[in-house]
Amino acid sequence: MKRRFIQADVFSDQATRGNGLAVIVDADGLSDQQMQHFAAWTNLAETTFILPPTDPAADYRVRIFTPGREMPFAGHPTLGSCAAWLHTGGAPKTPGRVMQECQIGLVEIDQTGPTPAFVAPPTAISDMPRAQRDGLATALKLARGDILRAAILDNGPVWQVLELSSAEAALAVDETLVRWPEHVAVAVMGAHSSGDCAYEVRNISPSSGMSEDPVTGSLCSAVAKWLDHQGRLGDGFIFAQGTKLGRLGRISVRRRGADILIGGHTTVVIDGTVNL
């Protein structure tokens, strides 16, 4: 049957320069197998399926699939699905606030700021064991002194994050050295010394099996929580991501009371139907 299909570009104010997302807006009735097959067919980092909520506080429910598996939460699918839902006539129960239901629970998407932004979900933070850190350094051909800090961050996805000495050092990492799935969810980051962006972030072994993910909201959300845990978040800043892929990913981070909001632009680039 025909179903409403939206192709969105997330985390860039220039269409096709962020991270693409496929959204089936009226997915009720599709089986798990149909969803997974369609996500594999789109071959995008993630494809989402919007369904009626099961939680009365939610405006809609979303399921998130990579080409190979279902994800409990992801950032650019959250903002992209919300934009697709609004674009196709969705109206939130509370003006200015969309409540999304996904496997990790309810995620709020604030609509009142300069860009739509989701509330960063809780993140478990732990130091990376020395052997694990050294193993990644060896795999990526990094000297021990190149790594300033290393952590394991869990906000649904689990991230192995290495903070390097600079944005230039992060951009210099050869992503082809990463072996998937042995090194799944490896990310590197480094601070910019000037410009509008505070940090360069790279997700060089995403769960989708791609060599590098263009822009990763869930990763940036986890890193923002890590920086806040260390007292280094400040009032907010912008992450750059996707630079090595020719993308212009920009993820904004700002505070709202006790919440940390992760935001960015979304552009609808295709609006049509598919037969599923």
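Residue numbers for the sequence shown follow the working numbering, so the first one is 8 and each next one is one higher. Where is the CB? At the ideal position from N, CA and C, for every residue including glycine.
Asked, Found
"Nearest-angstrom Cβ-Cβ length linking I71 and A64, presumed shorter than 8 Å", "With 8 Å as the limit, I71 and A64 do not qualify as a contact, their Cβ atoms being about 19 Å apart."
"Length at least 3, wholly inside the region 219-259: the beta strand (DSSP E) runs in chain order", "243-248"
"Burial state of G270, where buried means 16 or more other Cβ atoms lie within 10 Å", "buried"
"Length at least 4, wholly inside the region 31-89: the alpha helix (DSSP H) runs in chain order", "39-49"
"Option nearest L143 by Cα separation, candidates A131, A157, I132", "A157"
"Stretch pair the region 202-211 + the region 169-178: three plus CB contacts closer than 8 Å", "yes"
"First and last residue of the uninterrupted alpha helix (DSSP H) at D141", "137-146"
"Pair within 7 Å by beta-carbon distance, L226 and V180", "no"
"D235: CB within 6 Å of a non-hydrogen atom of the ligand ATP", "Looking at this structure, you won't find the ligand ATP or any other ligand, since it has none at all."
"Strand pairing of E115, partner residues [DSSP]", "M106"
"Residue interval of the alpha helix (DSSP H) (run including L178)", "174-179"
"The beta strand (DSSP E) enclosing F12, as first and last residue numbers", "9-17"
"Residues sharing a beta bridge with Q167, DSSP", "I159, V193"
"Beta-carbon proximity of A90 to T273, cut-off 7 Å", "yes"
"Residue from D66, G253, I159 with nearest C-alpha to M135", "I159"
"Alpha carbon of G241 to alpha carbon of S259, nearest angstrom", "13 Å"
"CB contact flag (L255, R24, <7 Å)", "yes"
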